[in-house]
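Written below as structure tokens is the structure these notes are about.
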Amino acid sequence: MEEMRCPCGGIFQSLGMEYLRTGAVSDGFLFGRDANAWAEGAIPVELFSCDRCRALRFCAEEEWVTRRQEEEREKAERARRHEERLEQQREERVQIAMKDYASYSEKRLRKIADGETWSNHCEEEREAARRLLEHRTPQNKKNDVPWEK
């Protein structure tokens, strides 16, 4: 490892591996110091001290950094898959509501879409009503410009 210089001009000397605890502290009775450190959320670091001003420097163990990055990627991937499942379930509920509302009149669908009915329709039901109304409205009606007199 190359020499690490301190801002004061001194050189950092290794004091060995230690753990920076980020969780609760236990006595290590059952599994020993290292096992408890991992279980409690400690970060393995190499500790350095400046030979001139006694400043301390911590460098995280590369294996820990890599594992932490992998955990973060896995967590993000799980969250993305969860969001996809929620969106898929939402779309399924909208499709079911569209089948249920297919025979409703335009007036009734408009009330559901606008939230004006006496029963509380969920967002998926309102979305289904909006989609059915869009499907029923001819495209040329939407873009018509009234005649000027």
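Position 103 of the sequence shown, counting from 1, maps to 222 under this note's numbering, and the rest follow consecutively.
Beta carbons: idealized from backbone N, C-alpha and C, even for Gly.
Just so it is clear, the structure is predicted and the values come from calculations on it, not from any experiment.
Shown here, M136 sits in a strand according to DSSP, grouped into three states. Judged by beta-carbon spacing, R212 lies within the 8 Å limit of E243, meaning their Cβ atoms are closer than that value. Boundaries of the alpha helix (DSSP H) around E202: E181 to Y220. The DSSP-derived three-state label of E122 is coil. Taken through DSSP and simplified to helix, strand or coil, E225 comes out as helix. A distance of 8 Å or more separates the beta carbons of A195 and A216.
With contacts defined as CB atoms closer than 8 Å, F167 and M123 qualify as a contacting pair. DSSP links C178 through a beta bridge to E165.
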